[in-house]
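Chains as they are written, first to last, in the working numbering: chain A, 1 to 325; chain B, 1 to 482. Beta carbons are placed, not taken as given, at the ideal position from N, Cα and C, and that holds for glycine. Read the structure below first, then the notes.
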Amino acid sequence: MKRFAITLLPFAAGLLLAAGVFELLLRQVLWTTGGPGQVSTLVRRLDEGSGVSHWDARGIRVAPPAPGPPILAVGDSFTEASQVNDDEVFTARLQSILGIRVLNTGVAARSPADYIVLAPQLKRELQPAWTIIQFNDSDLTDDGFVSSKAHFEERDGNLIAVAAPESHVGRVSRILARMRAHSALVNYGVARLELFRARSHTPPLFRGGVREKLTNPLATPRDNYPVETELAMLSTAYDGRVTFLFVPPFREEQNAVEQRVLAYCAAAHLSCVDFRATFDDFRRRGRSPVGFTNSWFARGHLNAAGHRAAAELLARELRTRLRTQ
Amino acid sequence: MSFVSIRFFVFLAAILGATAIPMPHRRKKLVLCIGSSLFYAAWDYRYLALLLIISVIDYWCAARIAATREPRVRRCWLTASIVSNLAILGWFKYADFFLTNLNGLLRFTGHEVALLGLLLPAGISFYTFKSMSYTIDVYRERIEPCSSHLDYTMFVTFFPDLIAGPIVRASVFLPQMTRAIGPTRERMLHGFSLFVIGMGKKLLIADHVAVVANDVFATPAAWSSATAWCGLLAYSLQIYCDFSGYSDMAIGTAKMLGYDLPENFNMPYIAASVAEFWHRWHITLSEWLRDYLYIPLGGNRKGQLRTDVNLLLTMLLGGLWHGASWNFVAWGLLHGIALIVHRAWRRAAPRSRVPRALAWPLTLLFVMLCWVPFRAIDFDGTIAMLRSLFGLGDGRNVWWPVVLAWGLALAIAGHAIGIALARGRNPMAIIADAEVITDPISGRYLVFRMRTVAGAFFVAVMVLAIYFFGAVESSPFIYFQF
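Right under this line is the structure:
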């Protein structure tokens, strides 16, 4: 027994040492401190971009003070923009161009239904003079109708926004959450496990050669989604004082959803910024507004140049809109 | 079933567990045979029959060859074996290629032959070559015919090298049949060390740089010259780390079970001539082509011109072995021409040697440029890529992928360790408690003993690095398609 322990001791010490090194390493490349209701910092330098984000206790991205009443920005990971530093996000750049406080409340995976559900609370607490709502085509179509999160639903012929169902947190999950909050190794270890699970398209154990393409039989064709109604609901939720920031994929041509968004904005005289307006300039220079040197070219989230271009586009639009207010 | 999947780890654990149970030797072979068949069937059960048919044909033909001393009869049975293997390979791999080219010729007549649309059986190029080596070696009386069909089936279906090599010859594998099967502490250490290194090559380098290579080769005309070179460098890294990573994992898996598979790579990118490159790249294929194609064609025994023709023919067929496409033929042709030029140079100036500092980058550049037709989707893609590389295209997109720098750094570090080991030094001995093993079959490799804190630390760092920084979506091994 003693001999076995002596043999095992260097092995265990080596493992512990490696775990310690990785704990320190992961804190430098992917780590978050704080949490909901707390001042928090997110370090992200690994897989897409290299940004350090700071968030106040209300979940607003930290920016230098500026006079109000503020402009509110709601959106998903494109607005949250953890891939770039605080001062590179389009909201921070917009604030420095306009000289008005811009409150960034972007949260990854949020969708238009969230913005409608959260509108009363955001308006009450932040009292915005204007709201920027960022989305892309899938937010208004497939992704906006996923029932596991805030989503749109048709009831009695009316479209309504339904809040995200409350998730039950078990004892094990609570313990794991506490461990994740204290250890980058555990936190990223669990995140990787979830990533492996999400990305593993496990085919049947024995299959007949040709891999069939999996399709969701419940999916509605994209043309059938009530895009115009969703836009009207978003506008109404923020009392019509909104600018839509539509972010289409850089590599794809304009699709039907994008055309419908732009047509509706024009018909209803809504403020709308189509980020595609910047694409030609990027293409001429052989650059891309999305993607990073540590991820992909022209795919993924906005990079610093993309955020700068978005801020300039929004500034042009908002100057006109705010002047006429 | 990919080596880098949870499913494979479960499968491997089950096979190791089953072979660890004390039972008669023959029954363990049966377990391995069944396990290997399941491994293959997991890809496509319909083609399992094909694998078994090949094993039956070659076993039977070899038995007939050995049963007679009559040269004509022996030759007949050898021909039967070779023709059946090549017919199976040709039907599944080259029929549509032939028909597509035939349609090209028939275009003017208005006729068109329908393509067969056959699915390429995984690993068919590897196991047909493996099996053919057996009948040829029996015919040449280099090996005794296998006395047990179970042994031969196990040789053909042995799962570690079944899908993408190394191409194990019967003369290497069959003598190991008497070994006890199953994991031991020593075998697990050897196998695990090789497996982790191979997995690191695949997940930490190949799959990451694949993103760059895939993107650049998908639209070669869109990129600036510098980015096109990044794409080519990425592919050069990817194909090496992907294939040699697979070979390491295959050799490692076989070692866990108690078998030695031959070395398949030996730092090919440090080669200072194309001839040296082929002694270091896909060694089992180049040796197979040398022994079963180049030498029977006459090798270098029939004059200079015939030697050059033999060399060119061998490389052309070697290119075609990789896939049914003129791009692979072009790749083989380029290497064949380079080998002929190298021979001519050596003949013309036997005493003058190009300094290694010049020969190495020239060889590397040539090998990299040859990857262009190998990787490009078609001939137009090859031309577009070459135009982008030499700044003749209109592409402007600029991308400096950081992942390429990381991949390159890891590959250089690996090569530095490899060169040190080749010179008889072992820098890993101190930092990682690693021992260099020189195996007559598997060549030189490191075994991480994990007896010291530093040794356990190093291995844990490797495993954690693969877990945390390895590519999440692993792309299929490149050589699976061949």
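Query	Result
Between T236 of chain A and chain B, is any beta-carbon pair separated by less than 7 Å?	no
Could you list which residues in chain A have their beta carbon closer than 7 Å to that of Y134 of chain B, in chain order?	Near Y134 of chain B there are no residues of chain A at all, since even the closest Cβ is about 27 Å away, more than 7 Å.
So T284 of chain B and P268 of chain B are in contact, right, with Cβ under 8 Å, and what is the actual spacing, rounded?	13 Å between Cβ atoms; not a contact.
Does DSSP put L218 of chain A in a helix, in a strand, or in coil?	For L218 of chain A, the predicted model reports a pLDDT of 48, less than 50, meaning its position is unreliable and no value from the coordinates is stated.
Going by CA-CA distance only, name the one from A:E228, A:H269, A:R299 that's closest to A256 of chain A.	A:E228
Tell me which residue opens and which closes the beta strand (DSSP E) that H151 of chain A is part of.	151–155
Would you call W331 of chain B buried or exposed, if buried means 16 or more other Cβ atoms sit within 10 Å of its Cβ?	buried
How would you list, in chain order, the residues of chain B whose beta-carbon sits under 8 Å from the beta-carbon of G286 of chain A?	S224, G395, R396, N397, V398
Using a Cβ cut-off of 9 Å, pull out every chain A residue sitting near P220 of chain B, in sequence order please.	What P220 of chain B touches in chain A: nothing, since even the nearest Cβ is about 13 Å away.
Roughly how many angstroms lie between the CA atoms of I499 of chain B and I383 of chain B, to the nearest whole one?	The structure shown does not extend to residue 499 of chain B, since chain B is modelled only from 1 to 482, so the question has no answer here.
Check each residue of the region 445–467 of chain B: if its Cβ is closer than 8 Å to any Cβ of chain A, include it; give the result in chain order.	M450, R451, T452, V453, A454, G455, A456, F457, F458, V459, A460, V461, L464, Y467
Going by alpha carbons, who is nearest to M32 of chain B out of B:T219, B:D248, B:T253?	The residue asked about is misnamed: residue 32 of chain B is Leu in this sequence, not Met. The shortest C-alpha separation from L32 of chain B is found at B:T253.
Output the boundary residues of the alpha helix (DSSP H) element that contains G17 of chain B.	6–20
To the nearest angstrom, how far is it from the Cα of T243 of chain A to the Cα of I100 of chain A?	16 Å
To be precise: take each residue of the region 173–197 of chain A, compare its Cβ to all Cβ atoms of chain B, and keep it if any distance is under 8 Å. Which residues remain?	Y188, G189, R192, L195, F196
Taking the alpha-carbon positions, what's the L313 of chain B to L339 of chain B distance?	12 Å
List the residues of chain A whose Cβ lies closer than 7 Å to the Cβ of V211 of chain B, in chain order.	W296
Should G300 of chain A be flagged as near chain B, meaning a C-beta pair shorter than 7 Å?	no
Where does V169 of chain A sit, in a helix, a strand or coil, going by DSSP?	coil
Please tell me whether D207 of chain B and S475 of chain B are closer than 7 Å, where the distance is taken between their beta carbons.	yes
Assign G209 of chain A to one of three DSSP states: helix, strand, or coil.	Its pLDDT being 44, under 50, G209 of chain A is placed unreliably by the model, and the measurement read from it follows with that caveat. Three-state DSSP puts G209 of chain A in coil, outside helix and strand.
Are A73 of chain A and N104 of chain A touching if we call contact CB-CB under 7 Å?	yes
Along chain A, in chain order, which residues have C-beta atoms closer than 7 Å to that of D291 of chain B?	Those do not exist, as D291 of chain B stays about 33 Å from chain A at its closest Cβ, beyond 7 Å.
Taking buried to mean at least 16 other C-beta atoms within 10 Å of its own C-beta, is R142 of chain B buried or exposed?	exposed
Using a beta-carbon distance cut-off of less than 8 Å, what residues from the region 11–26 of chain A approach chain B?	F11, A12, A13, G14, L15, L17, A18, A19, V21, F22, L26
Counting only Cβ pairs nearer than 8 Å, list the residues of chain A close to E473 of chain B.	R199
Can you give me the C-alpha to C-alpha distance between L313 of chain A and H307 of chain A, rounded to a whole angstrom?	10 Å
By the 7 Å beta-carbon criterion, what residues does the region 263–294 of chain A contribute toward chain B?	G286, R287, T293, N294
Exposed or buried, G245 of chain B, counting other C-beta atoms within 10 Å across all chains shown (16 or more means buried)?	buried
Measuring straight from C-alpha to C-alpha, what distance separates H335 of chain B and H342 of chain B?	10 Å
Taking the Cβ atom as the reference point for each residue, do I466 of chain B and G231 of chain B lie within a distance shorter than 7 Å?	no
Going by DSSP in three states, H190 of chain B sits in which element: helix, strand or coil?	helix
Considering only residues of the same chain and omitting the five flanking positions on each side of G37 of chain A, which have a CB-CB separation below 7 Å?	A57
Going by alpha carbons, who is nearest to I251 of chain B out of B:G191, B:V196, B:R375, B:A271?	B:G191
With a Cβ-Cβ cutoff of 7 Å, do L404 of chain B and V216 of chain B count as a contact?	no
Starting from the N-terminal side, write out each stretch of the beta strand (DSSP E) that is 3 residues or longer and does not extend beyond the region 145–208 of chain B.	none
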